[in-house]
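In the numbering used here, the protein residues as written are 40 to 521.
Yeah, the Cβ is synthetic: ideal placement off N, Cα and C, and Gly gets one too.
Note that the structure is predicted; figures quoted are calculated from it, not measured.
Written below as structure tokens is the structure these notes are about.
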Amino acid sequence: MDMLKKNQEVTLRIDDLGNNGEGIGHMDGYALFVKGALPGEIIRAKIMRCKKNYGFAKMTEILQSVDAGRVEPRCPVAGKCGGCTLQHLAYEKQLAYKQKKVMECLVRLGGVDEETVEWLPIYGMDEPWHYRNKAQFPIRMQKDEWGENCPVSGFYVERTHNIIPVTDCVIQHPCMKEILELVLSWMQEQHVPAYDEENHSGLVRHIYIRHAHYTGQIMVCLVLNSRELHPEQRKALVAKLTQIHGVASIFLNINPKQTNVILGEEMELLWGEEYIEDRIGDIHYHISPQSFYQVNPMQTEKLYQTVLEFAGLSGGETVWDLYCGIGTISLFLAGGAKKVYGVEIVPEAIQNARKNACLNGIGNVEFACGPAEEIVPKMAEKIRSTGNLMAEEENRGVARTGLADVVVVDPPRKGCDGALLDTIGEMAPDKIVYVSCDPATLARDVKVLGAKGYRVNKVRAVDMFGQGGHVESVCLLHRTDS
Ligand code: SAH
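Written out as structure tokens, the structure is:
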């Protein structure tokens, strides 16, 4: 559509939401993305940028609204910080959108037959605020209202490296605010400078905080640009932080690189334990700073219950938990299975996983560290030839039929590696339980698995990211010839 020009005003009916919460309207099939607009609204918008097949416009007025579910955001920087892209949409509408998104992706991109799938209703949150157990705030020096240079924490303005000062985030656990304010006051009192990205100078780059929902334990990690923190400054930091109830672990992380990656390679335990402990259901977990851990504790339990239900274990199954993190799903399923193999790429997470198995007295799990696409084929081969991964295992040499009865995958947003999907196809489990944080890559992988004889049977979305646009879902696939 080449009639549209920059700065032109148009009237547009919004009919969909994009991945970043932006409204999408169509003019003769040409898609226009409008930040802040909602489906159900007819708006006036000014064209900002036109590409061949789509463009961007800025909303100037809402002309009409039919059941759009617009609400006043709770947070003063909603829509600016790049985090909560859906805070202006009523929570029930957010849930409906996420459920629809999963179905649309699977049907349109995954080639799934809508009629043959059981679409279970999304599990929403009871209280979609203050739920996050993990915060990573950048720290910079900025001038305050009197022109003084002060350390501030906050969020990057979308697509920039400017910071909007915030300590009070409406989706974070309240302990985050207390810790942030305390660390900022410590920086001022002790004259510890924040990192300066332009000159690659200064010291404190980020504060990274984790809170364990059930035990109340807190881990604080200060990411520094160099090791130059004086003993007095360290002592003062520990003295302050340990006044906060629950603080159990204080780390320094050294990241001297000019990079957007938050954590550097070097970790130094400043005080307390090297992990914090949390619980999901009846299982206890140790969590290291480098390990992945789901950010929404209440919903994680519902997510794992869904995995357990979809796996439908009866006690005799061999289960694989690929992309297993600290072994949360593996241990959640172990009680119902004969054997569980967990595979994960981060060494610290695998150390946690092994320890977590001991901590809970679970003996029928084995964990391996490496890229799943590389090590699962080798593990499968070894099990085929020896009967188990451990050569000294007593059932050595016994031909086992069940190499894999159920395979669970829970990959990052980019989805499963193609080589891994090939291996899973060869392992031929009866069921695959796919836990996904991006329905588009889920749909892509479901299509690949479809060509290997797997059909989607049930789908349930679980809202892990209230106020945000990310969509989590669990998908059960059955082997059609089984
Ligand atoms: N199931 C876990 C973790 C899911 S997050 C839980 O619920 O907590 C995805 C995990 O995949 C992360 O721990 C990440 O480190 C890991 N990962 C990423 N790429 C991988 C790969 N190629 N092979 C194995 N694990 C990988």
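Is it buried or exposed for residue i, if we count other Cβ within 10 angstroms and need 16 for buried?
i, result
"CYS476", "buried"
"ILE365", "buried"
"LEU308", "exposed"
"ALA278", "exposed"
"ARG249", "buried"
"GLU153", "exposed"
"ALA490", "exposed"
"ASN238", "exposed"
"CYS397", "exposed"
"GLY311", "buried"
"LEU242", "buried"
"THR440", "Below a pLDDT of 50, predicted positions are generally treated as unreliable, and THR440, at 46, falls in that range; no measurement from the model is reported."
"GLN282", "exposed"
"GLY454", "buried"
"ASN59", "exposed"
"GLY150", "exposed"
Can you tell me whether residue i is helix, strand or coil according to DSSP?
i, result
"CYS89", "strand"
"ALA467", "coil"
"TRP225", "helix"
"VAL501", "strand"
"GLU157", "strand"
"LEU263", "strand"
"ILE301", "coil"
"LYS182", "strand"
"ARG483", "helix"
"ASP461", "helix"
"VAL379", "strand"
"VAL334", "coil"
"CYS408", "strand"
"GLY98", "This sequence places Met at residue 98; Gly is not what is there. Looking at MET98 - three-state DSSP - the assignment turns out to be strand."
"ILE81", "strand"
"ALA438", "With a pLDDT of only 36 at ALA438, under 50, the local geometry of the prediction cannot be trusted, and no value is derived from it."
"GLY507", "coil"
"TYR253", "coil"
"PRO270", "helix"
"ARG423", "helix"
"GLY34", "Summary: the structure shown does not reach residue 34, with the chain confined to residues 40 through 521, and so no result is reported for it."
"LYS296", "coil"
"GLY122", "coil"
Less than 8 Å between the beta carbons of residue i and residue j, yes or no?
i, j, result
"LYS486", "LEU516", "no"
"TYR234", "ILE178", "yes"
"CYS120", "ILE203", "yes"
"HIS245", "VAL262", "yes"
"THR345", "LEU442", "no"
"MET524", "PRO328", "Missing from the structure shown is residue 524; the chain here goes from 40 to 521 and no further."
"ALA84", "ALA96", "yes"
"LEU361", "VAL415", "yes"
"LEU134", "ASP502", "yes"
"VAL116", "VAL222", "no"
Nearer than 7 Å: is that true of the beta carbon of residue i relative to any heavy atom of the ligand SAH?
i, result
"ALA251", "no"
"VAL300", "no"
"PHE331", "yes"
"GLY320", "no"
"GLY457", "no"
"GLY364", "yes"
"ILE463", "no"
"THR480", "no"
"GLU511", "no"
"PRO336", "no"
"VAL243", "no"
"VAL404", "no"
What does a CB cutoff of less than 7 Å around residue i pick up in its chain, not counting 5 residues either side in sequence?
i, result
"VAL141", "PRO478, VAL498, ALA500, VAL510, SER512"
"PHE176", "SER192, GLY193, LEU219, HIS245, ILE246"
"HIS252", "ASN172, ASP317, PRO336"
"SER330", "GLY364, ILE365, VAL385, GLU387, ALA388, ASN391"
"ARG452", "CYS476, ASP477, THR480"
"ARG423", "LEU442"
"LEU370", "ILE322, ASN395, ALA396, ASN399, ILE401, VAL404"
Only counting the same chain, and skipping five residues up and downstream in sequence, which positions put a Cβ closer than 8 Å to that of residue i?
i, result
"VAL196", "LYS119, CYS120, GLY121, ILE202, ILE203"
"ARG88", "LYS45, GLY94, PHE95"
"PHE72", "GLY57, GLU61, GLY62, ILE63, TYR93, GLY94, PHE95, ALA96"
"GLY108", "LEU77, GLY79, LEU128, ALA129, GLU131, LYS132"
"LYS139", "none"
Please return the same chain residues whose Cβ sits closer than 6 Å to the Cβ of residue i, not counting the five positions on each side in sequence.
i, result
"THR339", "ILE319, GLN333"
"ILE384", "PRO410"
"MET215", "ALA174, ILE248"
"GLU166", "none"
"GLY505", "MET164, PRO167"
"GLN47", "ILE86"
Please decide whether residue i counts as near chain D, where near means a Cβ-Cβ distance under 8 Å.
i, result
"MET418", "Absent from the structure is chain D; it holds one protein chain and no more."
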